[in-house]
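J.: If you number the sequence shown the way the working numbering does, the last residue is 156 and the count never jumps.
Ideal Cβ placement from N, Cα and C applies to all residues, glycine included.
Please read these numbers as outputs of a predicted model, since none were measured by experiment.
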Amino acid sequence: MKKTNAMRILDQNKIEYEIVEYSEDGGISGQDVARQLGEDEETVFKTLVTHSKNENFVFVVPVCDELDLKLAASVSGAKKIEMLKQSELLKTTGYIHGGCSPVGMKKLFKTYVDESALEKDFIYVSGGKIGMQIKINPRDLEKLIGAEFVQIVRRD
1 MKKTNAMRIL DQNKIEYEIV EYSEDGGISG QDVARQLGED EETVFKTLVT HSKNENFVFV
61 VPVCDELDLK LAASVSGAKK IEMLKQSELL KTTGYIHGGC SPVGMKKLFK TYVDESALEK
121 DFIYVSGGKI GMQIKINPRD LEKLIGAEFV QIVRRD
């Protein structure tokens with residue numbers, strides 16, 4: 001298996017992780033990926049890239065949840081946040097839709113992970129390409145990319 005930028009960075013920083021592959025033709029939605037991995041949707045996280053007036057932010061949330069843009073703006077200190085257009089994703093991050101990892105983007109953007117990740121020993125995030133997930137301790141993401149754990153999805 002060819003290493004992705006995310007894997008190389010994890011290796012360079014001696015971060016423990018596991019690569020889990022899944023079928024690329026089984027769908028790229030987070031729910032599809034969780035199903036293929038045989039994991040709960042609360043354990044598989046998606047990486048969402050947003051922008052405000054002049055800054056980008058990364059939010060990592062469980063695939064079963066939706067990013068609350070008002071909460072996202074509040075925690076980031078931005079007045080208003082919008083999702084980055086899919087057509088801008090590769091140019092901005094170096095990753096494509098369905099393969100966007102919070103590790104190894106072209107630039108280290110301020111990253112927020114939903115606080116529910118702290119309830120788990122590990123979570124799955126994209127490995128940097130479709131068909132590949134990284135199983136990692138959420139605290140290791142915090143150390144590596146300076147992620148902050150905050151509430152960014154609505155809970156009933």
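Which residues in the same chain as Ile145 place their Cβ atom closer than 8 Å to its Cβ, once the five residues preceding and following it in sequence are excluded?
T.: Spatial neighbours of Ile145 in its own chain (CB-CB distance under 8 Å, excluding positions within 5 residues in sequence) are listed in chain order as Pro102, Val103, Leu108 and Thr111.
J.: Since Ile9 is in the alpha helix (DSSP H), which residue starts that stretch and which ends it?
T.: Asn5 to Gln12
J.: Pull up the DSSP beta-bridge partners for His97, would you.
T.: BP columns for His97 are empty, so no partner.
J.: Does DSSP classify Leu165 as helix, strand or coil?
T.: In this structure the chain extends from 1 to 156, so residue 165 is not present and cannot be described.
J.: According to DSSP, is Pro102 part of a helix, a strand, or is it coil?
T.: coil
J.: At 3 residues or longer, what runs of the beta strand (DSSP E) sit wholly inside the stretch 59-134?
T.: 110-114 and 123-126
J.: Identify which residue in Val33, Gly127, Glu66 and Thr92 has its Cα closest to the Cα of Asp11.
T.: Residue Gly127 is the option with its Cα nearest to Asp11.
J.: For the 8 Å Cβ check, are there 3 or more pairs between the stretch 77-91 and the stretch 112-121?
T.: no
J.: Measuring CA to CA, which of Ile15, Tyr17 and Gln36 is closest to Asp25?
T.: Gln36
J.: Should Ile96 and Ala6 be called a contact, given that it needs their Cβ atoms to be closer than 8 Å?
T.: no
J.: Where does Ile145 fall in DSSP's three states?
T.: helix
J.: Using DSSP's beta-bridge definition, name the partner residues of Asn137.
T.: In DSSP, Asn137 forms no bridge with anything.
J.: Going by beta-carbon coordinates alone, are Val33 and Val49 separated by less than 8 Å?
T.: no
J.: How far does the beta strand (DSSP E) with Val20 in it reach, from first residue to last?
T.: Tyr17 to Glu21
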